[in-house]
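To start, the structure itself, in structure tokens.
In this note's numbering, the protein residues as written are 18 to 583.
Next comes the structure, spelled out in structure tokens:
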């Protein structure tokens, strides 16, 4: 197994293509009567097509060698590759300018999203979200123009944007009822109730498959939390009429787009990881309704995904995160250990879409720990970044995450601030709204930072980031990493939230003592250590003024449940 590093030249940058057109990382074996010869490294089929600049260019590689009793499968090789690479995740992060807590960013993002002129339009009957701030997306405008078409995002309904943010917004507005959240929640729900019927109707329509499945899932989760049985019933009727028959008709090999009501593939292209999102949605419906057919659908869909060639699983990165959640949930529901192996494999596949480097060509931001938006797009995007991190985190209550995975989470916690104009130089600002993220950060392969616009549809992930990292428990000590593990619990508004589960890790090189803040200075705090060091009960204890005192050795971690009383 070969790990290859080409320094700052970029794997796919224009200047590198002709240099490496006929070269590959690989292995060449020579057979003969004597001992065979094995060549491993950068192998060329012909000479370089262009000179390689000497200054600052470095080639390095490491070889992972070990003996096996049986040859690896493609799946086990992917797992071994990614898990080995996790050993190389750096500890150091670069904090961006104007960084604050994710809790603060969430509130200010909600305030920005309430800007009627920049984020909303009106169809004559109801205020409606639009997809991009001020309706500006140069990349999409250029794309439509190339096809001889035009697009007016200023008057384009953004129902996708509303449905993408409604689940985290609804839960956060209930648990942390600041006026910014409650006003935005009510406004977004009003829009969904006005326009959402188009998702549930029977009129002929062409749908993007992942959008249809994912948005129904998000809408259903939010309605379930609100205990809106009428909305849940309408969504479930559409699931039973459209989604499940489509899955069965396609053999769980989902197309990129489909036609309703025929439930036939439209155009070219497949989107196999939709099977992961579908499996997770079915699992949630099973947990809510106790209908065994939903559980069977989840298992069938995930099994098909697991049989596909290893390089055919990637499209939208967060669909694989939902597959990871499905494998985790199916192992818990069925007790079948094979789902534990499926979990490792799907997690490895998801992490293949993570950015494993910072691009030194772009000094204004860092991208380590972010995720490629989808395979045709060569940039990280905020929506996908947070979706992947938060969904993977939700599976770690009873799992020992590798140190490298936790370091990758810490990179994500820090580097995702760079998606916001607030934390970038003025040259990247597209509007006066500083807390709505740019859709794209430039890389060597796609260097037009912000060219896609400020994504209203992805801004709701700011609320998800707050709930993941510091809304309920935070620490000012940068080496102490705190992460909420309850972000995707299937809960209802009337459920009494007794406590929340957190992973607390010392990522530093020395023992650390500090206070974890609950944000409720007048409250009493009850702490229960669930997993971790034997001395955890002494190392994580309630303190005065709504705090939790923590003392952890280097690399020590503990999983705790924290209950705030009063």
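Using N, Cα and C, we set each Cβ at its ideal position, and we do this for glycine too.
- Shown here, residue 108 sits in coil according to DSSP, grouped into three states, outside any helix or strand.
- Close CB contacts of residue 161 within its chain, under the 8 Å cut and outside five residues either way in sequence, are with 167, 168 (chain order).
- Three or more Cβ pairs closer than 8 Å define a contact, and the segment 222 to 238 meets that threshold against the segment 168 to 188.
- Taking C-alpha positions only, residue 383 is separated from residue 374 by approximately 8 Å.
- The beta carbons of residue 331 and residue 290 sit closer together than 8 Å.
- Contact between residue 370 and residue 386 is absent: CB atoms are separated by about 12 Å, not below the 8 Å threshold.
- By alpha-carbon distance to residue 470, the top candidate from 79, 138, 155 is 155.
- Across the structure, residue 308 and residue 315 are spaced so that their CA atoms are roughly 12 Å apart.
- Of the residues assessed, residue 529 falls on the buried side of the cut-off, its CB having 16 or more other CB atoms within 10 angstroms.
- Spatial neighbours of residue 421 in its own chain (CB-CB distance under 7 Å, excluding positions within 5 residues in sequence) are listed in chain order as 103, 104, 106.
- Contact annotation: residue 509 and residue 235 have beta-carbon atoms that are not nearer than 8 Å.
- Under DSSP, residue 388 takes part in a beta bridge, and its partners are 371.
- Under DSSP, residue 137 shares a beta bridge with 146.
- Distance from the CA of residue 63 to the CA of residue 57, rounded to the nearest whole angstrom, comes to 16 Å.
- Shown here, residue 324 sits in a helix according to DSSP, grouped into three states.
- Beta bridge pairing from DSSP links residue 275 with 224, 282.
- The C-alpha of residue 446 lies about 6 Å from the C-alpha of residue 438.
- Contact between residue 573 and residue 531 fails: their C-beta atoms lie close to 13 Å from each other, not under 8 Å.
- Residue 442 sits close to residue 381, with the two beta carbons spaced by under 8 Å.
- In the structure shown, the three-state DSSP call for residue 83 is coil.
- Our two residues, residue 433 and residue 402, have alpha carbons roughly 8 Å apart in a direct line.
- Residue environment: residue 333 is assigned as buried (16 or more neighbouring CB atoms within 10 Å of its CB, all protein chains considered).
- Cβ-Cβ distances below 7 Å link residue 338 to 367, 404, 405, 408, 409 in the same chain, with the five nearest sequence neighbours on each side left out; the list follows chain order.
- Between the C-alpha atoms of residue 284 and residue 163 there is a straight-line separation of about 19 Å.
- By the Cβ criterion, the segment 247 to 254 is not in contact with the segment 266 to 285, since fewer than three pairs of Cβ atoms, one from each stretch, lie closer than 8 Å.
- Pairwise C-beta distances place the segment 423 to 430 out of contact with the segment 352 to 365, as fewer than three of them are shorter than 8 Å.
- Shown here, residue 355 sits in a helix according to DSSP, grouped into three states.
- Judged by their CB atoms, residue 118 and residue 537 are not nearer to each other than the 8 Å cut-off.
- Rounded to whole angstroms, residue 123 and residue 189 show a C-alpha spacing of 10 Å.
- Here the alpha carbon of residue 515 sits roughly 20 Å from the alpha carbon of residue 413.
- The beta carbon of residue 294 sits closer than 6 Å to those of 230, 231, 336, 339, all from its chain and outside the five residues before and after it, given in chain order.
- Look at residue 463 here: in three-state DSSP terms it is strand.
- Fully contained in the segment 500 to 563 are the following beta strand (DSSP E) runs of length 3 or more, in chain order: 517 to 523, 529 to 534, 541 to 549, 557 to 559.
- Excluding the 5 residues flanking it on each side, residue 394 has same chain C-beta neighbours closer than 8 Å at 457, 463, in chain order.
- Taking every protein chain shown into account, the CB of residue 260 has 16 or more other CB atoms within 10 angstroms, so this residue is buried.
- When the Cα atoms are used, residue 194 and residue 208 turn out to be separated by approximately 20 Å.
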